[in-house]
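Numbering (the working numbering), first residue to last: 61 to 244.
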């Protein structure tokens, strides 16, 4: 594991389109099908990363709170499964079932989607507005494995609450940090 931060990128970029395998449904799903007309959270994640596992329960809780408010959540696994078989589509289905993941968790086998989003780590989070322009690119919260801060999703919750209230975002965006994406 190489500890890696989110790649710095100017906000406002348009979400790149994709059509990826949803292993739980054995079908392809596109951004156009899954996005929300309110806000869309895209999180690059994987099954084995301790930084992802550390926030998973809280991520499920936060997504369960915000999905009924019209916010879409989409998880994407872009890791090289030949080198990291724990991130295989079959194991993704296990994770979905074990954590009762309420949102689609898609497999980016070619890693083209991760590259298009400039994803660098897991978790790597971006939030997009109704026009699919990026308004937030940063951490879930200040919690990390071993730092004794409970995972809460405080940072993304503040962004989503501000968006739902129709207010302008004026918060400092700290980069996420986690395991590097396992490139082929």
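For each residue, glycine too, the CB sits at the ideal point set by N, CA and C.
Treat the numbers as computed from the prediction; the structure is a model and nothing was measured.
Where residue i sits in the DSSP three-state scheme
i: residue 155; result: helix
i: residue 207; result: coil
i: residue 90; result: strand
i: residue 70; result: coil
i: residue 184; result: strand
i: residue 65; result: strand
Top-ranked residue by Cα proximity to residue i, from the options
i: residue 80; options: 137, 218, 128 and 192; result: 137
i: residue 223; options: 202, 194, 240 and 237; result: 194
i: residue 77; options: 70, 100 and 85; result: 100
i: residue 198; options: 157, 143 and 236; result: 236
i: residue 142; options: 74, 169 and 118; result: 169
i: residue 75; options: 102, 154 and 98; result: 102
i: residue 114; options: 159, 149, 92 and 227; result: 159
i: residue 126; options: 233, 219, 227 and 67; result: 219
i: residue 187; options: 243, 70 and 241; result: 70
i: residue 155; options: 133, 178 and 105; result: 105
i: residue 121; options: 214, 244, 228 and 230; result: 214
i: residue 134; options: 82, 232 and 240; result: 82
Boundaries (first-last residue) of the alpha helix (DSSP H) holding residue i
i: residue 124; result: 110 to 126
i: residue 216; result: 214 to 224
i: residue 196; result: No alpha helix (DSSP H) contains residue 196, which is instead part of the beta strand (DSSP E) from 194 to 198.
i: residue 176; result: 172 to 177
Residue i: first and last residue of the uninterrupted beta strand (DSSP E) it sits in
i: residue 241; result: No beta strand (DSSP E) contains residue 241, which DSSP labels as neither H nor E.
i: residue 166; result: 165 to 167
i: residue 78; result: Neither: residue 78 is in no beta strand (DSSP E) and is coded neither H nor E.
i: residue 101; result: 99 to 104
i: residue 107; result: Residue 107 -> no beta strand (DSSP E), and no H or E assigned at all.
i: residue 139; result: Segment: none, residue 139 is in no beta strand (DSSP E) and carries neither H nor E.
Rounded Cβ spacing between residue i and residue j (contact assumed at less than 8 Å)
i: residue 192; j: residue 95; result: 6 Å
i: residue 185; j: residue 89; result: That pair is no contact at about 19 Å.
i: residue 123; j: residue 162; result: 6 Å
i: residue 238; j: residue 164; result: Contact flag wrong, Cβ pair sits at about 20 Å.
i: residue 225; j: residue 98; result: Not quite, the Cβ-Cβ distance comes to about 12 Å (not below 8 Å), so this is no contact.
- Message: Would you call the stretch 203 to 210 in contact with the stretch 108 to 125, where contact means no fewer than 3 C-beta pairs closer than 8 Å?
- Response: yes
- Message: Does the stretch 172 to 179 come into contact with the stretch 136 to 150, if we say contact requires no fewer than three beta-carbon pairs (one atom in each stretch) closer than 8 Å?
- Response: yes
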